[in-house]
Amino acid sequence: MKKWLHICFLLIFISCSSGSDQQEEYIPIPVSLEVPILFQQKLIAPLIPADNPLTEEGIALGKKLFFDTILSKDNTQSCATCHNPENSFTDTDQFSDGIDGIRGTRNSMPLFNLVWNFDERFTWDGKEFSLEKQAFEPVSNPIEMHSNWIDVEKKLQNHPEYPSLFQLAFKTVAIDSALVVKAIAQFERTLISANSKFDKYLLGQVELTDNELNGFNVFMDETKGDCFHCHGSNNNPLWTDNKFHNNGLDATFTDLGLGGVTGDTNDNGKFRSPSLRNLAFTAPYMHDGRFLTIDEVINHYSEGLQNSETIDPLMKKIDQGGVNLTSQDKADLKAFLLSLSDYDFINNPKFQQ
Amino acid sequence: MKKLITLFLGLSIAFTSCSSDSDVAPKETTININFTHNWEEDSVTKDDFNNIKFTNEHGEELSIERLRYLVSNIYLTHTSGSSYKVEDYLLVDVNDEETLSYTTNTLLPNGTYNFSFRFGFSDENNIDGEYPDLNIASFEVPMIMGGGYHYMQFDGKFIDMNDTTVGFNYHAIRAVDNTDPDNLILKDTSFSVTLGEVIVKDNSATINVKMNIAEWFKNPNEWDLNVLNQMLMPNYEAQLLMNANGKSVFSL
């Protein structure tokens, strides 16, 4: 009997010791993305890298960093300066200016639904192969934040809050650039837009106007807009294929786009298809922000195509400048495109500073 | 009793031995399928894309810029008549090398098989919006053209009769006559492809599927790109021609 009592005490002791150890080990709280029902129905599960899982603390830290001007050399610009929530995380400038007032050569891209870019090629020319790598670049870019990572790491390390926030997110107070971009990428992966009028229409919650419906048909008709081959559809509600195309903007190129990254002349003039969601908030349009309005964009595809060696063969009737839509079809196409605007997304308190 | 036990043991050994020799028992088998492409005698890879270097039967010089196609109902059928499904469907994209080789492990016995698949989806499987990976790949067909999915997206450029370089979009889908948008006339133009004998030995098999791209323009219908080049999806007759020409493009 005594022998059994000893064993019982020993088991209780081991059990208590084990519980105590578990309490001491801190683990950030894992987060599963809330995938909208429409995306659950139509799309593959989101892509989250194994080496940067989402956590509550990581996302919160990433959000704070995203809106913090501490990342720039003179503490005047944050990621949100050029990626403003009210503009669907882009800005209204043709070219954004950096801390020294120098403007770039590309229009700032909006940010949403990034976890469904399965090729993980970001930016207009696809030069960044992950969100983490993309977030790494602007900090030291001389025409953007014009800082350097050593200074940024020091500023964050000496900050009254950040070391403890990194401890919570990554279990270390040693701040380095890799962890900074991991946190920012975590926040960016939560930016999901899926509640436009057209989304609600697909879910049977609202009706479209006749103009919007006709505009959708123009979009989907190979003999009219033929937009769906590159810009998604009711079955691909990302409204982009995330691929690279020369959409006939120029006969000769001042910006090589993908070709500048791959070095392949066959890629010259190709840029990543942007999503057509949230166009109401993201003007101006195209990689160089040349079009101020959606009407200008539609006119380009209708009668403004410029031929070149790398123009995508999906561009039709180039000798006539394009597919020559009627005025009514143009107006309806615009109405449909605007139905892809997600006001809940730009007003989502989770995404505000 | 001893005799019975001896008989039982003897039969057991004989049964085991026969099973092993005839290889009728399904075993974990590795199946490799490689998709290769050629223009008549010349191999075609993505490195050959974007250059006007091919000439079709009708005489048009052309380039290839994009070539994606779907094969479904991929089966190995044993000489005994037993069929083994290898995969429901595969999207082959010549621009994406990862899609050109496919490996799976499945339970089947060694032996001689017939390899077959369907080009595109049959109507039974051509369900609008059903396949998330194909949705992401923007491979769908709009409902105003019957919905479902492309069978093939083959894009390129050719030199037309005016000596101008223009695009073509040889897109194969379920044929649709949308003259009356409220009453679409649809015809399943996917087709089965039986490629012949495949030997599964030592629990593995490698199957090399070849597509002769030139055949799309050649047999039995000589294709004139000056006439049929773009906006072919809603062209019912063009889809029938593609269906006929496609039947000779694949081989082992």
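Order-wise, the sequence lines are chains A and B. For the first sequence, full-length UniProt numbering gives the first residue as 1, with consecutive numbering after it. For the second sequence, full-length UniProt numbering gives the first residue as 1, with consecutive numbering after it. For glycine and all other residues, C-beta sits at the position ideal for the given N, C-alpha and C.
- Close partners of Asp100(A) in chain B (Cβ separation under 7 Å) are lacking, with about 40 Å as the shortest Cβ gap.
- Think of a sphere of 7 Å around the beta carbon of Gln230(B): the chain A residues whose beta carbon falls inside it are Lys316, in chain order.
- Cβ contact annotation for Ser116(B) (same chain, cutoff 6 Å, sequence separation greater than five): Tyr75, Thr194, in chain order.
- Separation of the CB atoms of Asp125(A) and Phe216(A) is rounded to 30 Å, and the pair is thereby denied contact status at 8 Å.
- Minimum Cα-Cα distance from Gly232(A) among the listed residues Asp241(A), Val323(A), Asn348(A), Leu249(A) corresponds to Asp241(A).
- Leu191(A) sits close to Leu111(A), with the two beta carbons spaced by under 8 Å.
- Closer than 8 Å to the CB of Glu222(A) there is at least one CB belonging to chain B.
- Using a CB distance below 9 Å, the part of the region 222 to 249 of chain A facing chain B consists of Glu222, Thr223, Asp226, Phe228, His229, Cys230, His231, Gly232, Ser233, Asn234, Asn235, Asn236, Pro237, Leu238, Thr240, Asp241, Asn242, Lys243, ordered along the chain.
- Counting along the chain, Gly259(A) sits inside the alpha helix (DSSP H) bounded by residues 258 to 262.
- Residue contact check for Asn268(A) against chain B: no CB pair falls below 8 Å.
- Here Lys157(B) carries a strand assignment [DSSP, helix/strand/coil].
- Proximity of the region 189 to 207 of chain A to the region 106 to 116 of chain B falls short of the contact definition, fewer than three beta-carbon pairs being nearer than 8 Å.
- Using a Cβ-Cβ cut-off of 8 Å, Met233(B) counts as an interface residue toward chain A, since at least one Cβ of chain A sits closer than that to its own.
- Counted as a single uninterrupted DSSP element, the beta strand (DSSP E) harbouring Ala172(B) occupies residues 165 to 172.
- Out of Leu131(A), Leu168(A), Val180(A), the CA that lies nearest to the CA of Asp151(A) is found in Val180(A).
- In the DSSP assignment, Ser192(B) falls within the unbroken beta strand (DSSP E) covering 191 to 200.
- Under the three-state reduction of DSSP output, Met211(B) falls in the strand class.
- Non-local beta-carbon contacts of Leu33(A) in its own chain, meaning distances under 8 Å to residues more than five positions away in sequence, involve Pro46, Ile48, Leu54, Val115, Arg189, Thr190, Ile192 in chain order.
- The Cβ atoms of Thr282(A) and Ser88(A) sit closer than 8 Å to each other.
- Counting along the chain, Tyr69(B) sits inside the beta strand (DSSP E) bounded by residues 66 to 78.
- Close to chain B, meaning a Cβ-Cβ distance shorter than 8 Å, are the following residues of the region 26 to 45 of chain A: Gln41, Lys42, Leu43, Ile44.
- The beta carbon of Leu202(A) sits closer than 8 Å to the beta carbons of Leu38, Asn234, Pro237 from its chain, once the five residues preceding and following it are set aside; these are given in chain order.
- Under the three-state reduction of DSSP, Gly111(B) is assigned to strand.
- Boundaries of the beta strand (DSSP E) harbouring His37(B): 27 to 39, taken from the DSSP string.
- Closest in alpha carbon position to Glu309(A), among Glu65(B), Glu60(B), Leu232(B), Glu57(B), is Glu65(B).
- Asn324(A) is outside the set of residues whose beta carbon lies under 8 Å from a beta carbon in chain B.
- As the crow flies, the alpha-carbon of Phe187(A) is around 16 Å from that of Thr81(A).
- As a beta-bridge residue in DSSP terms, Lys270(A) pairs with Gly257(A).
- In the DSSP assignment, Val92(B) falls outside any alpha helix (DSSP H) and lies within the beta strand (DSSP E) extending over 83 to 93.
- Three or more beta-carbon pairs drawn from the region 245 to 252 of chain B and the region 206 to 213 of chain B are found closer than 8 Å, and the two stretches are therefore classed as touching.
- Here Val152(A) carries a helix assignment [DSSP, helix/strand/coil].
- Here Ser43(B) is exposed, its C-beta having fewer than 16 other C-beta atoms within 10 Å.
- Gln40(A) counts as exposed, since fewer than 16 other beta carbons sit within 10 angstroms of its beta carbon.
- Under the 8 Å Cβ criterion, the region 68 to 86 of chain A does not count as touching the region 322 to 333 of chain A, having fewer than three qualifying pairs.
- By the CB criterion at 8 Å, Ser204(B) and Gly120(B) fall outside the cutoff.
- Of the residues Phe158(B), Gly246(B), Met143(B), the one whose Cα lies closest to the Cα of Asn183(B) is Met143(B).
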